[in-house]
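**Q** Pasting a structure below so you can have a look.
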Amino acid sequence: MSYFRVTLVRSAIGLPRRTTDVLKALGLKKRMVTVFHPVSPSVAGQIMKVKELVDVREVDRRLTKQEIHLERKPDPGYYIEQTAETEWGANRSY
Amino acid sequence: MFKVTSPLFSGLLWKIPWRISQPQKARQRKRLRSVDKVVDTINAALSRNGTKARSVDRWYREMPREEEMLPKDKYTIFDKKEKTYRKGIHKLPKWTRVSQRVNPPGF
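Going down the list, the protein sequences come from chains A and B. For reference, each letter of the first sequence is one residue, going 1 to 94 in the working numbering. For reference, each letter of the second sequence is one residue, going 1 to 107 in the working numbering.
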């Protein structure tokens, strides 16, 4: 079972009403929103209606909102130092 | 320096240049390719699941790919009111978000 990962890249402002309705049916309300739909002919037809506005990928599983957010999170630029003893202990535990 | 020109001085008047610029052409090609990519992704996913969609088949039957298109079709569209029957594609309303790839029969 695979899924379409659909991201709205371009807005449908000024386009026919039907385009906005299709986006709403797919669950895309604003730009850069990502939704997951199982691969099926009906979903494919919906995506074909808005193919100029979206970015599509095929993925194996749905990601949660949290996971999508973490993909975009930049590197913090630091790491927390540990004492040699705790690090050694952590390595020893497994 | 303020210059009195018709677009600036006479209310609502938009001017669309006659020619499409090089960067606009480059972006147009990029958009055409991105639409091709979306359709290919959908088709690959469907065929892996053993299904088909009518809209996808129709797209492949009727629409040329970006690399198959002539420059004429990429950057201009048919217009019956023009002397040469062609005008820049940037005159087409919402031209960055519509798929316009084929000509009417005979043109």
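C-beta atoms are modelled at their ideal positions from N, C-alpha and C, and glycine is treated no differently. As the structure is a computational prediction, the values presented were derived from the model and not from experiment.
Let me make sure I understand the geometry here. Which of Glu62/B, Phe107/B, Ile89/B has the alpha-carbon closest to that of Gln24/B?
**A** As a first step, residue 24/B must be located in the second sequence, where it is residue number 24. When only C-alpha atoms are compared, the closest one is Ile89/B.
**Q** Are Leu53/A and Arg5/A touching if we call contact CB-CB under 7 Å?
**A** Reading the first sequence from its first residue, position 53 is the one you call residue 53/A. Reading the first sequence from its first residue, position 5 is the one you call residue 5/A. The answer is no: Cβ separation not under 7 Å.
**Q** Please say whether Val56/A and Val38/B have beta carbons closer to each other than 7 Å?
**A** Start at 1 with the first residue of the second sequence, and residue 38/B comes out as number 38. Start at 1 with the first residue of the first sequence, and residue 56/A comes out as number 56. Result yes, Cβ atoms of Val38/B and Val56/A sit closer than 7 Å.
**Q** Using a Cβ cut-off of 7 Å (strictly closer), state whether Ser55/B contacts chain A.
**A** Counting from 1 along the second sequence, the entry for residue 55/B is found at position 55. Closer than 7 Å to some Cβ of chain A, the Cβ of Ser55/B qualifies, so yes.
**Q** Just reading off the alpha helix (DSSP H) that Gly77/A is part of, what are its end residues?
**A** As a first step, residue 77/A is located in the first sequence; it is residue number 77 there, counting from the start. Gly77/A -> no alpha helix (DSSP H), and no H or E assigned at all.
**Q** Rounding to the nearest angstrom, what Cα-Cα distance links Trp59/B and Glu68/B in this structure?
**A** Position 59 of the second sequence, counted from the start, is the residue given in the question as residue 59/B. Position 68 of the second sequence, counted from the start, is the residue given in the question as residue 68/B. Cα to Cα, Trp59/B sits roughly 14 Å from Glu68/B.
**Q** Beta-carbon of Val50/A versus every beta-carbon of chain B: anything under 7 Å?
**A** Within the first sequence, the letter at position 50 stands for residue 50/A. Answer no: the Cβ-Cβ gap between Val50/A and chain B never drops below 7 Å.
**Q** Looking at the strands, I want to know which residues DSSP matches up with Asp79/B.
**A** Position 79 of the second sequence, counted from the first residue, corresponds to residue 79/B. Looking at the DSSP output, Asp79/B sits in no beta bridge, so it has no partner there.
**Q** Could you tell me which chain B residues have their CB closer than 7 Å to the CB of Phe4/A, listed as they occur along the chain?
**A** Reading the first sequence from its first residue, position 4 is the one you call residue 4/A. Neighbours of Phe4/A on chain B, chain order: Ala45.
**Q** Going by DSSP, which residues form a beta bridge with Gly88/B?
**A** Translated into the one-based positions of the second sequence, residue 88/B becomes position 88. According to DSSP, which records beta bridges pairwise, Gly88/B is partnered with Thr76/B.
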